[in-house]
Amino acid sequence: MPERIYNFSPGPATLPVEVLQEAAKDIVNFNNNGIGLIEMSHRSKDFIAVTDAAESLIRELLAVPDNYKVLFLQGGASTQFAMVPMNLLNKDKTATYLNTGTWAKKAIKEAKMFGHVDVAYSSEESTFNHVPAEEQYHVDPQSEYLYFVSNNTIFGTQFHGFPSSTVPLVCDMSSDIMSRPVDVSSFGIIFAGAQKNMGPAGCAVVIIREDLLDRTPDTVPTMFRYKTHADKGSMFNTPPCFAIYVVGRVMQWLKNLGGVKAIAEINQEKAALIYDHIDQTDFYSGHAQKSSRSLMNVTFNLSTPDLEAKFVAEAAAQGLDGLKGHRSVGGIRASIYNAFPKKGVLKLVEFMQEFERRNG
Ligand SMILES: *Cc1c(COP(=O)(O)O)cnc(C)c1O
Numbered sequence: 010m011p012e013r014i015y016n017f018s019p020g021p022a023t024l025p026v027e028v029l030q031e032a033a034k035d036i037v038n039f040n041n042n043g044i045g046l047i048e049m050s051h052r053s054k055d056f057i058a059v060t061d062a063a064e065s066l067i068r069e070l071l072a073v074p075d076n077y078k079v080l081f082l083q084g085g086a087s088t089q090f091a092m093v094p095m096n097l098l099n100k101d102k103t104a105t106y107l108n109t110g111t112w113a114k115k116a117i118k119e120a121k122m123f124g125h126v127d128v129a130y131s132s133e134e135s136t137f138n139h140v141p142a143e144e145q146y147h148v149d150p151q152s153e154y155l156y157f158v159s160n161n162t163i164f165g166t167q168f169h170g171f172p173s174s175t176v177p178l179v180c181d182m183s184s185d186i187m188s189r190p191v192d193v194s195s196f197g198i199i200f201a202g203a204q205k206n207m208g209p210a211g212c213a214v215v216i217i218r219e220d221l222l223d224r225t226p227d228t229v230p231t232m233f234r235y236k237t238h239a240d241k242g243s244m245f246n247t248p249p250c251f252a253i254y255v256v257g258r259v260m261q262w263l264k265n266l267g268g269v270k271a272i273a274e275i276n277q278e279k280a281a282l283i284y285d286h287i288d289q290t291d292f293y294s295g296h297a298q299k300s301s302r303s304l305m306n307v308t309f310n311l312s313t314p315d316l317e318a319k320f321v322a323e324a325a326a327q328g329l330d331g332l333k334g335h336r337s338v339g340g341i342r343a344s345i346y347n348a349f350p351k352k353g354v355l356k357l358v359e360f361m362q363e364f365e366r367r368n369g
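Given below as structure tokens:
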């Protein structure tokens with residue numbers, strides 16, 4: 010096998026190599042049964058065990074309380090932008106949203122199709138370079154829910170404390186789920202596309218408090234009702250089998266490493282290496298305000314777009330791939346999710362120093 014490069018892609022993103030190797034084997038011959046994992050019935054005993062293991066590892070790692078369901082759904086995180094208001098909002102009611110980036114904005118657009126939306130805060134005018142402190146916005150106690158994005162993948166900002174609202178909290182955790190401990194009991198719904206911190210594309214994990222399952226208006230089609238999937242253990246129809254399997258293996262990898270508390274410390278260390286370097290020089294400037302800095306997606310700029318393009322190209326030539334910022338903001342983005350190795354971060358910082366020496 011050729012040496013693996015360091016993959017800073019924002020998603021799909023780097024996964025633990027041992028999980029990939031195991032998956033490669035299981036795709037051909039699962040459990041030595043003479044049948045490949047993605048050829049088996051989703052209702053077979055072996056596959057139900059795969060789903061059960063993935064669910065119980067998620068429950069264990071995040072200490073999910075018993076009155077929450079864990080669902081494996083299709084349609085990515087983006088389908089949740091619509092499913093949340095379809096199930097929890099209707100045209101006479103209001104939901105509150107915090108507009109902290111592209112993904113929040115897309116969710117707001119969907120919610121407006123189902124009811125009133127109160128955007129209680131927006132950081133758009135400052136190119137989404139921060140997330141608000143709680144004193145900066147007001148949530149109407151009559152609101153159906155408060156929606157926010159815990160980590161803004163594109164802009165590189167992250168909530169380091171969560172709203173303490175009395176209305177149900179709905180959180181898009183696509184790009185930082187499993188990166189740190191969270192108190193699930195303070196949320197109504199947590200959802201995440203798997204392809205950043207949990208596994209491959211094709212599966213969204215939804216953690217939902219049971220009392221929210223009964224609010225859905227009768228007009229919502231069967232496949233878009235959370236209760237449909239909750240009642241059938243995510244087996245109402247054919248689930249994303251391969252993605253669920255890989256999520257389970259990544260969760261086992263995380264558990265072996267010490268779980269979310271252990272990975273949170275590693276994530277702090279990794280991100281600090283890059284931010285410390287950004288703060289030491291004027292050659293690089295961080296996009297996010299310091300108190301909102303993301304530990305998952307580090308965004309920064311050089312003095313000109315040309316210099317940024319040169320940085321990205323030269324880094325790629327040295328095996329540091331995927332550093333180009335999102336097309337909507339430009340600049341550099343280093344996505345360093347759970348499975349991204351510290352060695353790769355050290356190599357990036359070394360490259361940043363060397364690039365500055367040659368171009369500063
Ligand atoms: C990537 C991402 C999404 C979109 O996920 P899809 O699975 O492609 O729909 C939504 N929200 C956040 C925060 C993301 O990072």
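Numbered according to this note's numbering, the sequence shown spans residues 10 to 369.
Just so it is clear, CB atoms sit at the ideal spot from N, CA and C, and this is done for glycine as well.
Item, Value
"Flag serine 184 as yes when its Cβ comes closer than 6 Å to any non-hydrogen atom of ligand 1, and as no otherwise.", "yes"
"Check each candidate in Lys78, Lys118, Ser312 and name the one with the smallest Cα separation from methionine 95.", "Lys118"
"Name the residue from Ala281, Ser135, Val93 whose alpha carbon lies nearest to the alpha carbon of lysine 115.", "Val93"
"Does the distance from the CB of tyrosine 156 to the CB of valine 128 come in under 7 Å?", "no"
"Looking at the secondary structure, which residues open and close the alpha helix (DSSP H) in which leucine 71 lies?", "54–71"
"Count the C-beta pairs between the segment 76–85 and the segment 244–263 that are closer than 8 Å, then say yes if the count reaches three, no if not.", "yes"
"Quick one: Cα of asparagine 310 to Cα of lysine 333, how far?", "10 Å"
"Hey, would you say isoleucine 345 sits closer than 7 Å to lysine 279, going by beta carbons?", "yes"
"Quick one: give me the first and last residue of the beta strand (DSSP E) that valine 79 is part of.", "77–82"
"Which same chain residues, not among the five before or five after serine 159, have their C-beta less than 6 Å away from its C-beta?", "Phe168, Cys180, Met182, Asp185"
"Should phenylalanine 137 and glycine 165 be called a contact, given that it needs their Cβ atoms to be closer than 7 Å?", "no"
"If contact is defined by three or more beta carbon pairs under 8 Å, each pair taking one atom from either stretch, is the segment 281–294 in contact with the segment 356–364?", "yes"
"Straight-line CA distance for glycine 43 to threonine 308?", "46 Å"
"If distances are taken between C-alpha atoms only, which option among Ala33, Arg224, Gly20 comes closest to proline 209?", "Gly20"
"Does leucine 98 come out as helix, strand or coil in the three-state DSSP assignment?", "coil"
"Mapping DSSP to helix, strand and coil, what is aspartate 285?", "helix"
"Can you determine whether any heavy atom of ligand 1 sits closer than 6 Å to the C-beta of glycine 295, and answer yes or no?", "no"
"Starting from the C-beta of histidine 335, find all residues in its chain whose C-beta is less than 6 Å away, skip the five residues before and the five after it, and write them out in chain order.", "Ile163"
"For methionine 10, which three-state DSSP category applies?", "The predicted model places methionine 10 with a pLDDT of 43, which falls under 50 and marks its position as unreliable; any figure quoted below should be read in that light. The answer is coil: DSSP assigns methionine 10 none of H, G, I, E or B."
"Assuming threonine 247 contacts histidine 51 under a Cβ cut-off of 8 Å, what Cβ separation, rounded to an integer in Å, is found between them?", "5 Å"
"With respect to the beta strand (DSSP E) encompassing leucine 304, which residues constitute its N-terminal and C-terminal limits?", "Here leucine 304 belongs to no beta strand (DSSP E), and DSSP marks it neither H nor E."
"To the nearest angstrom, report how far apart glutamate 363 and isoleucine 217 are at their CA atoms.", "47 Å"
"What's the gap between the Cα of tyrosine 77 and the Cα of phenylalanine 123?", "25 Å"
"When the Cα of glutamine 298 is compared with those of Pro141, Val26, Thr313, which residue comes out closest?", "Pro141"
"On the DSSP letters alone, give me the boundaries of the beta strand (DSSP E) that phenylalanine 200 sits inside.", "198–202"
"Rounded to whole angstroms, what is the Cα-Cα separation between aspartate 288 and lysine 102?", "45 Å"
"Along the chain, which unbroken stretches of the alpha helix (DSSP H) at least 4 residues long are found entirely within the segment 334–362?", "none"
"Out of Asn108, Ala113, Gly170, Gln151, point me to the one whose CA is closest to arginine 189's CA.", "Gly170"
"Residues bridged to aspartate 330 by DSSP?", "Asn16"
"Report the CB separation of leucine 263 from asparagine 368 in whole angstroms; it is logged as a contact under 8 Å.", "About 38 Å separates the two Cβ atoms, so there is no contact after all."
"Report the residue from Phe90, Asp240, Asp55 whose alpha carbon sits nearest the alpha carbon of alanine 213.", "Phe90"
"In the DSSP output, what is tyrosine 130 paired with across the bridge?", "Leu107"
"Flag glycine 211 as yes when its Cβ comes closer than 6 Å to any non-hydrogen atom of ligand 1, and as no otherwise.", "no"
"With DSSP as the reference, label glycine 242 as helix, strand or coil.", "coil"
"Please return the same chain residues whose Cβ sits closer than 6 Å to the Cβ of lysine 351, not counting the five positions on each side in sequence.", "Lys279"
"Look up proline 25 in the DSSP assignment and say whether it is helix, strand or coil.", "coil"
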